[in-house]
Amino acid sequence: MSELLLPPEHRYAKIIKERHNEDGSELSILNLGPTHPATHGIFQNILLMDGERILEAEPTIGYIHRAFEKIAENRPFYQITPLTDRMNYCSSPINNMGWWMTIEKTLGIEVPKRAQYLRVIVMELARISDHLICNSILGVDTGAYTGFLYVMQFREKIYEIYEEICGARLTTNMGRMGGFERDWSPEAFRKLDAFLEEFPAVWKEFENLFVRNRIFIDRTVNVGAITAEKALAYGFTGPNLRAAGVDYDVRVAQPYSSYEDFDFIVPVGKSGDTYDRFCVRNAEVWESLSIIRQALNKMPEGNDYHADVPEYYLPPKEDVYNSMESLIYHFKIVMGEVPVPVGEVYHPVEGANGEIGFYLVTDGSRTPYRLHFRRPCFIFYQAYPEMIKGAMLSDAIVILSSLNVIAGELDA
Amino acid sequence: MALETTEIQERLIENFGSKISNFDQSKDIFTFEVDSDINTAVILFLKNDSIFRFHFLTDLCGIHYPDNEENRQFAVVYHLHNWYENKRIRIKSFLNGSNPEIKSLSNIFLSANWMERETYDFFGINFTGHPQLKRILNMDEMISFPMRKEFPMEDSGRTDKDDRYFGRTTTNQPIVK
Chain A
55 MSELLLPPEH
65 RYAKIIKERH
75 NEDGSELSIL
85 NLGPTHPATH
95 GIFQNILLMD
105 GERILEAEPT
115 IGYIHRAFEK
125 IAENRPFYQI
135 TPLTDRMNYC
145 SSPINNMGWW
155 MTIEKTLGIE
165 VPKRAQYLRV
175 IVMELARISD
185 HLICNSILGV
195 DTGAYTGFLY
205 VMQFREKIYE
215 IYEEICGARL
225 TTNMGRMGGF
235 ERDWSPEAFR
245 KLDAFLEEFP
255 AVWKEFENLF
265 VRNRIFIDRT
275 VNVGAITAEK
285 ALAYGFTGPN
295 LRAAGVDYDV
305 RVAQPYSSYE
315 DFDFIVPVGK
325 SGDTYDRFCV
335 RNAEVWESLS
345 IIRQALNKMP
355 EGNDYHADVP
365 EYYLPPKEDV
375 YNSMESLIYH
385 FKIVMGEVPV
395 PVGEVYHPVE
405 GANGEIGFYL
415 VTDGSRTPYR
425 LHFRRPCFIF
435 YQAYPEMIKG
445 AMLSDAIVIL
455 SSLNVIAGEL
465 DA
Chain B
20 MALETTEIQE
30 RLIENFGSKI
40 SNFDQSKDIF
50 TFEVDSDINT
60 AVILFLKNDS
70 IFRFHFLTDL
80 CGIHYPDNEE
90 NRQFAVVYHL
100 HNWYENKRIR
110 IKSFLNGSNP
120 EIKSLSNIFL
130 SANWMERETY
140 DFFGINFTGH
150 PQLKRILNMD
160 EMISFPMRKE
170 FPMEDSGRTD
180 KDDRYFGRTT
190 TNQPIVK
């Protein structure tokens, strides 16, 4: 069987040949993925198994590599957001906002307070929808389908809010340089209020289903544990690192978009196992809800939703048709004749699964000279073979979903 | 912020002399250049020194500058982060255009392993001492390095995207393919 999967010169084939168990049993090879319903994405791992136990794993990535960095070098700045959507597609608004903030840093654009608060709200909604998916899928992998179906309807409600803001649901392409493309409609705020009203009770129920659930605890405690030192060495960030007990959060360390105005705690775990990762995400959802409420309460008066930067912000269509100045700006923006300072910036934001960084090198032209995405998944997924070593096959599935590795971000 | 950039600069010059150059604090992150032959020594020093403590490798990537002189056509960019003082630095090492080669960081930071493989995959930069330097996102059979500037974004043989079809060129030459 194993000859069919691997060439005879493969390392594992050699190990199998040389290893002789006393009871006459043999090691085997299992090809987990690339497409398998339990891996929630395109991940291939060649596993060397002793019965149900994993001895070694060899991951292969790149199945959905779409060369975003190369494409970005050939796109004007405002056409790069759709690329960022497709990285962590469970929380695209965070990527979008991170990208806009990177350009704003390059151009030195000051975003009005109200637009910053709106950004915070939408980023926290994205975080909730991401954690909601991750935690409920972790439930599915341990055998609890109900919770997933139950909270999924609230992701739908979040997507309806996105729809009110930008018209799209999954790949949002939200915002512009300096703010949003339009002000949020009263309907968006109404839906947001309804969400804040209904969701906490449901999330509490979901939490009660899992946190003290005997089956769930048995499946997750001490599964896929990683120490803080190891996690740091492997470049972990986000909830996965905080579950190991390190309280690093970009929102606190380097506040962007006025995060310093809000009170929230950074939940940390202790053992870095699957259960702690679940609990950290669970607690972060409560903090996100609190941040959204604070942002709504503190929302500055007025209706600023973008910065006053006519060189970079597309004017409204009726002005383009009726005023010369707007027509000129419209033309210049679309044709890419706007000046961009030469330089390099790195802007990190706290994504749903770690620090998403945008390293942008500009040479003054309409496209980036080089754009590198620091994708948290790509960096911490290399710890996966080590985390599943010695675990059961079923644990490997649980560990993978608890790490919240998103294939789109992994492969970019 | 306790860790000042001038302090970093002085301490580095004290230890490595002229091999570290082009200090720049004009924008965003404190940046400097390190000669490619001492990159591991500098980064190890920055990581283990009791004052610096740059213990986290945030990012590692390559840049291609085909228009530069021969010895500066590739750059490897490291972003390090000290969480105790919340200080970031960016280190650049320029490499030779025809034989880009630099020492691997994979013994210092485990996370550098895949980031270096990615950089190798896209730029063909050779990281000596890397345990498993092979392609990671592209297929193994690929022979070119796609993030180099000379690599075209699209297949140059495409005929359906001729500029003349879209009125983007003023010349009225007949379309010959």
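Chains as they are written, first to last, in the numbering used here: chain A, 55 to 466; chain B, 20 to 196. Yeah, the Cβ is synthetic: ideal placement off N, Cα and C, and Gly gets one too.
Residues sharing a beta bridge with residue i, DSSP
i	result
A:P402	A:G411
A:I108	A:M103
B:R109	B:T50 and B:H98
A:G397	A:T416
A:P113	A:N99
A:R168	Paired residue(s): none; A:R168 is not in a bridge.
B:F93	B:H83 and B:L114
A:L84	A:L101
B:N145	B:E120
A:G233	A:R230 and A:H360
Cross-chain neighbours of residue i in chain B, by beta carbon under 8 Å
i	result
A:L286	H74 and F75
A:A121	P165
A:A461	Chain B residues near A:A461: none, gap ~12 Å exceeds 8 Å.
A:Y302	W102
A:N128	M172
Within 9 Å, strictly: CB atoms of residue i and residue j
i	j	result
A:L30	A:A450	Here chain A covers residues 55 to 466 and nothing more, so residue 30 of chain A does not appear.
A:T421	A:R129	yes
B:D3	B:N157	For residue 3 of chain B there is no data in the structure shown, the boundaries of chain B being 20 and 196.
B:I39	B:F51	yes
B:N145	B:G116	no
A:N407	A:P321	no
A:L414	A:I125	no
B:W102	A:A307	yes
A:I345	A:F318	yes
A:N276	A:D327	yes
A:H189	A:F97	Reading off the sequence shown, one finds Asn at residue 189 of chain A, where the question assumed His. In this structure, A:F97 does not lie closer than 9 Å to A:N189 by Cβ.
A:E127	A:F427	no
B:V96	B:N58	no
B:H100	B:F75	yes
Backbone CA spacing between residue i and residue j [nearest angstrom]
i	j	result
A:E57	A:E112	For A:E57, the pLDDT reaches just 49, beneath the cut-off of 50, and the residue's location in the model is therefore unreliable, although a value from the coordinates is still provided. If I take the Cα positions, the gap works out to 17 Å.
A:L454	A:F332	12 Å
B:H151	B:R136	Checking the sequence, you will find Gln at residue 151 of chain B rather than His. Their Cα atoms are separated by approximately 8 Å.
B:T24	B:L31	11 Å
A:H94	B:P119	38 Å
B:R177	B:P171	12 Å
B:I121	B:D78	16 Å
A:S342	A:P254	11 Å
A:A180	A:E217	13 Å
B:K66	A:G444	31 Å
A:E283	A:D373	57 Å
A:P370	A:G232	15 Å
A:G411	B:S130	15 Å
A:P91	A:L109	23 Å
A:M155	A:H74	58 Å
A:L295	A:S325	10 Å
Proximal chain B residues relative to residue i, where beta-carbon distance stays under 7 Å
i	result
A:K68	Result: empty, since nearest Cβ-Cβ is about 16 Å, beyond 7 Å.
Chain-ordered chain A contacts of residue i [CB-CB under 9 Å]
i	result
B:N87	The contacting residues do not exist; B:N87 stays about 12 Å from chain A at best.
B:R109	E398, Y400 and Y413
Interface flag, residue i vs chain C, CB-CB below 9 Å
i	result
B:F113	In the structure shown, chain C cannot be found, because the protein chains are A and B.
Contact list for residue i against chain A, beta-carbon separation under 8 Å
i	result
B:I155	I115 and G116
B:H149	Chain A residues near B:H149: none, gap ~13 Å exceeds 8 Å.
B:N105	A307 and Q308
B:D78	Y400, G411, Y413, H426 and R428
Chain B residues whose Cβ lies nearer than 9 Å to that of residue i
i	result
A:K159	K46 and D47
Interface partners of residue i on chain A, CB under 7 Å
i	result
B:I82	V415 and R424
> What residues from the segment 394-415 of chain A come within 9 Å of chain B, judged by C-beta to C-beta, listed N to C?
Replying inline: P395, G397, E398, V399, Y400, H401, P402, E409, G411, Y413 and V415
> Can you list, in chain order, the residues of the segment 414-437 of chain A whose Cβ is nearer than 7 Å to any Cβ on chain B?
Replying inline: V415, R424, H426, R428, F432, I433 and Q436
> Of all the residues that make up the segment 116-143 of chain B, which are near chain A by a beta-carbon distance shorter than 8 Å?
Replying inline: F128, L129, S130, N132, W133, M134, E137 and F141
> What residues in the segment 294-327 of chain A bring their beta carbon closer than 9 Å to a beta carbon of chain B?
Replying inline: V300, Y302, A307 and Q308
> Which residues, in chain order, does the segment 372-390 of chain A contribute to contact with chain B at a C-beta distance below 7 Å?
Replying inline: none
> Mind listing which residues of the segment 93-111 of chain A have their C-beta closer than 9 Å to chain B's C-betas, in chain order?
Replying inline: none
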